[in-house]
Amino acid sequence: MAKTTKAKTQSEEEEKAVTKAPAKKRVSKKTTEEAPAVETAVVVEQAPVAPPVVLKNVETFTRFSDFDISLFKSGKHFRLFEKLGSHTTEYQGVAGTYFAVWAPSAKSVSVIGNFNYWNKDSHHLFVRWDESGIWEGFIPHIGKGEAYKYCIEAHDGRKLEKIDPYAHYFETPPKTASIVWDNWYEWTDTDWMTTRKSKNSLSSPMSVYEVHIGSWRRKGEEEKLSYVELADQLVAYVKEMAFTHIEFMPVMEHPYEPSWGYQVLGYFAPSSRFGTPQDFMYLVEQCHKNDIGVILDWVPSHFPGDAHGLYEYDGSHLFEHPDMRKGYHPDWKSYIFNYGRNEVRSFLISNAIYWLERFHADGLRVDAVASMLYLDYSRNHGEWEPNIFGGNHHLEAISLFRELNEILYAEFPDVQTIAEESTSFTGVSRPVYTGGLGFGQKWMMGWMNDTLKYFEKDPMYRKYHQDQLTFSTVYAFTENFMLPLSHDEVVYGKQSLVGKMPGDEWQRFANLRLLFTYMFTHPGTKLLFMGGEFGQTSEWNFSKGLEWWLLDHGYHQGVQNLVKELNLLYRNEHAMFDKQFAPEGFEWIDTSDRNNSVVVYARKGDSHKEQLIVVLNLTPIPHNNYRIGVPMQGIWQEILNSDDSKFGGSGKTNPEPIFAEEVSWQGKAYSIPLNLPPLGGLVLKVK
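Going by my numbering, the sequence shown opens with residue 4, and the numbers climb by one from there.
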């Protein structure tokens, strides 16, 4: 049966909203249940198109129970999106919208929009009596699609026009108003949601295609594809390429497009540049119907200082830390959340839950974790303050991560949280009860840096740098690592992946195919940024679509064919994923042949028979009858060769079955002779 998600709380089911008159202070200190029997009639002035409406008992209405407020103040309310923000409802037969906003330092708060000609004195909200700092009210004849902002009067007299931090939808930038909206959707992805644990666990293959929505493909030069169009074109492509997951760079609403979405203001709204929230839900649903998981980039590390946004929201440092040694990010000229403030913690954890619950996301990749863990991140001596123990760890951020992951995995045990963390911080992907941060996986930035540096070298010098290639396995099992070749590696003068490769055109593409073969056969899950899978030659440009026309050329088709085959190999061979985070799943067979830059290793599954042998020849010199040791007797078959002509290679393969000989070699009792292709990688399996 289809599951229905609707932005509606239990309290909404039990009570109808009550219209409030313009007022700055609530009269009664009683809750709805304690409301006095005497009714107070108040007239609310509406825009000229609607007649005045007489409403009763307006002073006593609230969506918040005392328990809600207690949770909010203690930082334990994790579904604030059900309470704060704008919610369409009805009271005494009158349709309208309930508004609630946290602004504890405000002198007054009013709702402004087209409905009242942006009149700052027309529709004031009530401040609650419990010192929660929440202002709330009901305005009749305001419905779905109405643009609005909050006019917040600060204590210094400034009148700030601010977005709704909990808005579900926004005007398309450069416009900045929030829009009254709901997130009701008739989901039909029950099959995926009830079985995703088998496709989203640490013992399942996870090959992620990283996508920037605005530049994956364009209609003409300028027009972007919508969420609905992507649900057709992108999903079909990812399915054809056999990736298991799509990771979307931040879809949350952001004012500055060149930030690629990493300067978020509308944390609870997918960007309106591509459609409505329901359109994005449809895209997620289509992914699920095609057995594709969805990971969302999530940015709790910082936010921009736009005047209409979260910065100095009520005239005070509400969301950001008041000490700019902790509250300002020098690299990105943005502001850092106050992780020690309970209400801010509730905001962030509620936001993570929102995307998993209401949008059926299968995971969150948390951006810039390292910048949150260290007080001295990108700061010089004297620009940061040590913690209470005299160290540089940001204790409040560490506490937030632990609480976040405990809550998410308790409520959504079949999702993944993935940390982009580039330091040697211990236990990022280890359970909280062992002292870890509790993430499911961590990006393996060391592997990425060492591997790209190695492959950028001229093959004749690689024999002097083989440790760069093999070092990753020294620490590969200290965390649950994801191997990333992300957008960060193909921008700002770093060149495209194929552009990093040395040699002439043939060698550059052979090197790229060899790089991908190494990546997909290395322990850990995989992430590849769009365009890399067909060897895009230019750096990524967020303002243009990918260079799809390159697929008219054979080398690019060959790379694309190889990536598809590697995805299928990874998904179908248990040796590639059964023990992808355990040392028992990997074995070096030989790393001693530095002169020829040849390495041999095994990948192992749960079964003794589930073993694959990988051989990489990292120079353009082919080798005939090159002997390698194998772990067992039997007939060995080459199941993938990156030099195959269908991948754009020279076609130097081992097409015939090879019988293991009882010749001791490389520490193994049996061995086989192979033809090693130039700049080629091959994978062998015993029958």
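All C-beta atoms in this analysis are idealised placements derived from N, C-alpha and C, irrespective of residue type, glycine included.
Residue 325 is classed as exposed because its beta carbon has fewer than 16 other beta carbons within 10 Å across all chains shown. Annotation: residue 342 is outside any alpha helix (DSSP H) and is labelled neither H nor E by DSSP. Within its own chain, the residues whose Cβ lies closer than 8 Å to the Cβ of residue 204, once the five positions on either side in sequence are excluded, are 417, listed in chain order.
Among the bridge pairs identified by DSSP, residue 154 is matched with 113 and 164. In this structure, residue 377 lies near residue 395, with their beta-carbon atoms less than 8 Å apart. In this structure, DSSP gives residue 139 an extended state, which the three-state scheme calls strand.
As summarised for the stretch 279-316, the continuous alpha helix (DSSP H) elements at least 4 residues long and confined to that stretch are 280-292, given in chain order. DSSP, reduced to helix, strand and coil, places residue 657 outside both helices and strands of the structure shown, so it counts as coil. Residue 297 is a Cβ neighbour of residue 248, given a cutoff of 8 Å. In this chain, the beta strand (DSSP E) harbouring residue 643 covers 638-644.
Residue 213 carries a strand assignment under DSSP once its states are collapsed to helix, strand and coil. Inclusion of residue 627 and residue 678 in the CB contact set at 8 Å is warranted, their separation being smaller than that value.
Between the alpha carbons of residue 207 and residue 382 lies a distance of about 40 Å.
If you draw a 10 Å sphere on the C-beta of residue 684, you find 16 or more other C-beta atoms in it, and that means buried. The residue among 343, 333, 428 and 339 with its C-alpha nearest the C-alpha of residue 373 is 428. Nearest Cα to residue 507 within the set 461, 191 and 218: 461. The C-alpha of residue 481 is placed about 33 Å away from the C-alpha of residue 640.
When the five nearest sequence neighbours on each side are left out, the beta carbons in the same chain lying within less than 7 Å of the beta carbon of residue 354 are those of 270 and 271, in order along the chain.
Distances from the CA of residue 617 to each of 643, 295 and 635 were compared; the closest alpha carbon is that of 643. Contact between the stretch 341-355 and the stretch 72-87 is established, with three or more Cβ pairs separated by less than 8 Å.
The continuous alpha helix (DSSP H) containing residue 469 extends over residues 469-473. Less than 8 Å divides the Cβ of residue 115 from the Cβ of residue 152. The secondary-structure analysis by DSSP pairs residue 446 across a beta bridge with 485. Within the same chain, Cβ atoms closer than 7 Å to the Cβ of residue 587 are found at 607, the five residues on either side in sequence being excluded. Take the alpha-carbon of residue 213 and the one of residue 110: they are about 45 Å apart.
Taking C-alpha positions only, residue 72 is separated from residue 135 by approximately 7 Å. Close CB contacts of residue 463 within its chain, under the 8 Å cut and outside five residues either way in sequence, are with 622 (chain order). The continuous stretches of beta strand (DSSP E) do not include residue 70, which lies in the alpha helix (DSSP H) extending over residues 69-76. The shortest C-alpha to C-alpha distance from residue 483 to any of 388, 682, 525 and 181 is the one to 525. An exposed status is given to residue 200, since fewer than 16 other beta-carbon atoms sit within 10 Å of its beta-carbon. Straight across, the Cα-Cα distance linking residue 655 with residue 485 is about 31 Å. Rounded to the nearest whole angstrom, the C-alpha separation of residue 681 and residue 253 is 40 Å. Taking 8 Å as the cut-off, the beta carbon of residue 435 is found closer than this to the beta carbon of residue 408. Fewer than three Cβ pairs drawn from the stretch 587-603 and the stretch 557-573 lie within less than 8 Å of each other, which leaves the two stretches out of contact. Restricting attention to 276, 594 and 161, the CA atom closest to the CA of residue 467 is found in 594. Under the three-pair Cβ rule at 8 Å, the stretch 221-239 counts as touching the stretch 286-295.
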